[in-house]
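Worksheet for the structure shown next.
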Amino acid sequence: LKDGKLRTLSGIGGGLLIGTVLVVVIPEGFRAIAEAHALDIGDEHGGEWQPGFALVLGFVCMLLLDRVQAQPLRAVTGLMLHCAADGLALGSAALSGDARLNLLVTLSMLAHKAPMAAGLATYLQGAGLAWRAAQRPLLLFSATAPAAAVLAYLLLGSVPALTSPGAVALVLLFSGGTFLHAATSHILPDVLAGAAPGVRGALPLVLGAVAPLALQALHPHGH
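Structure (structure tokens):
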């Protein structure tokens, strides 16, 4: 892809991920917890802190993991951690039983993976690695999200403490927190840094962000 098309795809993919997190993943996590009666919002036992805690925990975990990496490894390791978070979201979304959530999470992953892969390849070659030497980290990048999705699905589906709908919803909120960190620390700065000046440069990001809203309106959640 040419640089302009790659930037547009990156903007749409980043916006789609951000919109999916804010419009679908986080609300779905709260809705699933309420429906599963894992806690009663506003009850006297103080359980209302759990969803917010899961969300913040996901954000903080990604923040700390991102910061402890040595500078030369931070870009590659950060992408791997982001892919693992993607896989966690895919696995928990699959167990949620919500086809709309599953579709949006999958689409957002696919849309922003291509620019990320291209960026990683460019970064590795710019660091002096030959194409053959760069294939191993690229292969790891490609395999991390599917492997994490399968692992999350198996763990959430087989470990008794994690099989309840409430536990799955908390994991979904945790993954939402990891996405919020990725959006604020990586996706938004990277997309806007290479975009054209003014409103025109932000349009792909905006289009991607509102796409989940459109799908939500066309296919509202059924009870």
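Going by our numbering, the residue at position 14 of the sequence shown is 417; the numbering climbs one at a time, nothing skipped.
Here a beta-carbon is modelled for each residue, glycine too, at the ideal position from N, C-alpha and C.
Bear in mind the structure is a predicted one, so any value in this text is a computation, not a measurement.
* Fully enclosed by the segment 559 to 615, which beta strand (DSSP E) runs are 3 residues long or longer? -> For secondary structure counted as the beta strand (DSSP E) over 3 or more consecutive residues, the segment 559 to 615 holds no complete run.
* Please list, in chain order, all residues of the same chain as residue 582 whose beta carbon is under 6 Å from its beta carbon, the five residues on each side excluded. => Counting from 1 along the sequence shown, the entry for residue 582 is found at position 179. The residues are 424.
* Does the distance from the C-beta atom of residue 557 to that of residue 418 stay below 9 Å? -> Your numbering for residue 557 matches position 154 in the sequence shown. Your numbering for residue 418 matches position 15 in the sequence shown. No. Outside cutoff.
* Asked: Among 547, 546, 509, 576, which one has its Cα closest to the Cα of residue 452?
  -> For the purposes of this step, residue 452 is identified with residue 49 of the sequence shown, where counting begins at 1. Measuring from the Cα of residue 452, the nearest candidate turns out to be 576.
* Drop a sphere of 10 angstroms on the beta-carbon of residue 616, count the other beta-carbons inside from all chains shown, and report buried for 16 or more, exposed for fewer. => Reading the sequence shown from its first residue, position 213 is the one you call residue 616. By the 10 Å Cβ count, residue 616 comes out exposed.
* For residue 579, does the count of other Cβ atoms within 10 angstroms reach 16, so buried, or fall short, so exposed? -> Here residue 579 corresponds to residue number 176 of the sequence shown, with the count starting at 1. Label assigned to residue 579: buried.
* **Distance between beta carbons of residue 427 and residue 543, contact taken as under 8 Å** => Indexing the sequence shown from 1 puts residue 543 at position 140. Indexing the sequence shown from 1 puts residue 427 at position 24. Not confirmed; about 28 Å, so no contact.
* Secondary structure of residue 469, DSSP reduced to three states -> In the sequence shown, residue 469 corresponds to position 66, counting from 1. Reduced to three states, the DSSP call for residue 469 is helix.
* List the whole-angstrom C-beta distance separating residue 598 from residue 422, where the pair is believed to meet the contact cut-off of C-beta under 8 Å. => Taking the sequence shown and counting its residues from 1, the one referred to as residue 598 is at position 195. Taking the sequence shown and counting its residues from 1, the one referred to as residue 422 is at position 19. Wrong, their Cβ atoms sit about 17 Å apart, outside the cutoff.
* To do: Report the three-state DSSP secondary structure of residue 451 (helix, strand or coil).
  => Counting from 1 along the sequence shown, the entry for residue 451 is found at position 48. Residue 451: coil per DSSP, three-state reduction.
* Asked: Do residue 436 and residue 572 have their C-beta atoms closer together than 9 Å?
  -> Along the sequence shown, one-based indexing puts residue 436 at 33. Along the sequence shown, one-based indexing puts residue 572 at 169. For residue 436 and residue 572, yes; Cβs fall inside 9 Å.
* Same chain, Cβ closer than 6 Å to residue 475, five either side skipped, listed in chain order -> Here residue 475 corresponds to residue number 72 of the sequence shown, with the count starting at 1. For residue 475, the pLDDT reaches just 49, beneath the cut-off of 50, and the residue's location in the model is therefore unreliable, although a value from the coordinates is still provided. There are no such residues.
* Asked: Out of 471, 588, 550, 612, which has the shortest C-alpha to C-alpha gap to residue 630?
  -> Since the first and last residues shown for the chain are 404 and 626, residue 630 lies out of range.
* CA-CA distance, residue 432 and residue 455? -> Taking the sequence shown and counting its residues from 1, one reaches residue 432 at position 29. Taking the sequence shown and counting its residues from 1, one reaches residue 455 at position 52. Annotation: residue 432 to residue 455 spans about 10 Å, alpha carbon to alpha carbon.
* To do: Starting from the Cα of residue 589, find the closest Cα among 497, 548, 466, 430 and give me that residue.
  => Numbered from its first residue, the sequence shown carries residue 589 at position 186. The option with the nearest alpha carbon to residue 589 is 466.
* Asked: Which value, in whole angstroms, describes the spacing of the CA atoms of residue 554 and residue 489?
  -> Locating residue 554 in the sequence shown gives position 151, counting from the first residue. Locating residue 489 in the sequence shown gives position 86, counting from the first residue. If I take the Cα positions, the gap works out to 12 Å.
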